[in-house]
Amino acid sequence: MDSVGRPELFDFHKVPMTHQYTENWENLQNFRARPDDILIATYPKAGNTWLSYTLDLLYFGQTSHSHEREDKIFLRVPMLESTFHYLEPGPDPSSDPIPICLKGTDLVNNLSTSPRLIKTHLPVQFIPKSFWEQNCRIFYVGRNAKDIVTSYFNFERMSVLNPDPGDWSSYFQRFMDGKVLFGSWYDHVNGWWKKKQTYSCIHYMFYEDLIEDTARELDKICSFLGLSPTVEEKESIVSEVQFDAMKKNKVVNHDELRTMKVNISPFMRKGKVGDWKNHFTVAQNEEFDKHYEKKMKDPILKFRNEI
Ligand code: A3P
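Per the working numbering: the sequence shown ends with 1022, consecutive numbering throughout.
Okay, structure coming up:
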């Protein structure tokens, strides 16, 4: 931790990481995936919560009890690599606070659902091998880099569990250099894209497509999963996962998390394609485009900066 209590980045097998995502590494690498596990992989800020909630509704929206539906999304769809330490108030005001340690691997192993929905931000080379061995179904959501850097900067300003982002112009540079938590966006989206060429159980999606036509993307998700919900069920899911609905929903909006200073920037911030235009200067945009062209050579993997 640095002087203001923010975690520091360090090099971890060539990827900048913080201790919350590396300290349970052995358990993580030895994690035993089950064949019906579903992994939801994204670079940070690409829409993981959105897809997690969509899949949660799709599988459990009709069946789970009302008290279970109150459980926050980070407990329903745990982040596999995370380890969070925090203090719970003691049973009465004079007692010492109780230290709690939540490990993503334990949270997943304690899930009683089938399938288990599991979140990750890991680059593809860090995924525990049992997911490949068990032929698990995997979703990857990509989002254009300009909106990612904008969203990530605002997120790191408000999440005290993330490194201090510093000012916008230095953050912008570090993002292009891949020196942010979970590493280079360019390596992440390309690494997962390359994996999809040899591993057939990856459904590679785009945030911009979800915004453009949520119902169409839900149909593709169902067909990948072999699910056939009714028209009414699908309509209900599409309406529950609209940005305004999710922003009001305590299960997913993180408004109650003490580690997120939502008065600085809400977790459900804007939910738009193209908000980068409100942050990038003309010079930054030109610099970003030049750098992007050098990094993104694959003619098929294309991201939309606007729709
Ligand atoms: P913005 O900061 O651009 O608003 P993640 O869940 O991977 O951390 O991604 C967070 C980003 O997804 C945030 O982007 C958040 O607002 C956006 N998001 C979450 N739910 C959404 C929804 N239902 N529709 C559109 N965007 C959503």
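Note that the Cβ used here is the ideal one computed from N, Cα and C, for glycine as well. What you are looking at is a predicted structure, and each value in this text was computed from that prediction instead of being measured.
- Here the distance from the Cβ of K965 to the nearest heavy atom of the ligand A3P is not below 7 angstroms.
- For S866, the Cβ falls inside the 7 angstroms cut-off from some heavy atom of the ligand A3P.
- Rounded to the nearest whole angstrom, the C-alpha separation of C851 and V967 is 25 angstroms.
- The beta carbon of V895 sits no closer than 7 angstroms to any heavy atom of the ligand A3P.
- By the Cβ-count criterion, R791 is buried, with 16 or more other Cβ atoms from all chains shown falling within 10 Å of its own Cβ.
- Taking 8 angstroms as the cut-off, the beta carbon of Q744 is found no closer than this to the beta carbon of E948.
- Secondary structure at H918: strand, using DSSP grouped into helix, strand and coil.
- Within the same chain, Cβ atoms closer than 7 angstroms to the Cβ of S866 are found at K760, R984, the five residues on either side in sequence being excluded.
- Distances from the CB of Q735 to the heavy atoms of the ligand A3P are all 7 angstroms or more.
- The residue among H800, F897, G986 with its C-alpha nearest the C-alpha of A960 is G986.
- For the pair of segments examined, the region 891-909 was found to touch the region 829-846: the number of CB pairs separated by less than 8 angstroms reaches three.
- Taking 8 angstroms as the upper bound for CB-CB distance, L724 and P878 are in contact here, some 5 angstroms apart.
- At least one heavy atom of the ligand A3P sits closer than 7 angstroms to the Cβ of P759.
- The beta-carbon distance between I833 and I926, rounded to whole angstroms, is 24 angstroms. This is too long to meet the 8 angstroms contact definition.
- Not one heavy atom of the ligand A3P is found less than 7 angstroms from the C-beta of M873.
- Remark: the shortest separation between the CB of G986 and any heavy atom of the ligand A3P falls under 7 angstroms.
- A Cβ-Cβ separation of about 4 angstroms places Y922 in contact with G762 under the 8 angstroms criterion.
- In this model, N1000 and D892 are separated by some 15 angstroms (Cα to Cα).
- Taking all protein chains shown into account, N993 has fewer than 16 neighbouring C-beta atoms within 10 Å of its C-beta and is therefore exposed.
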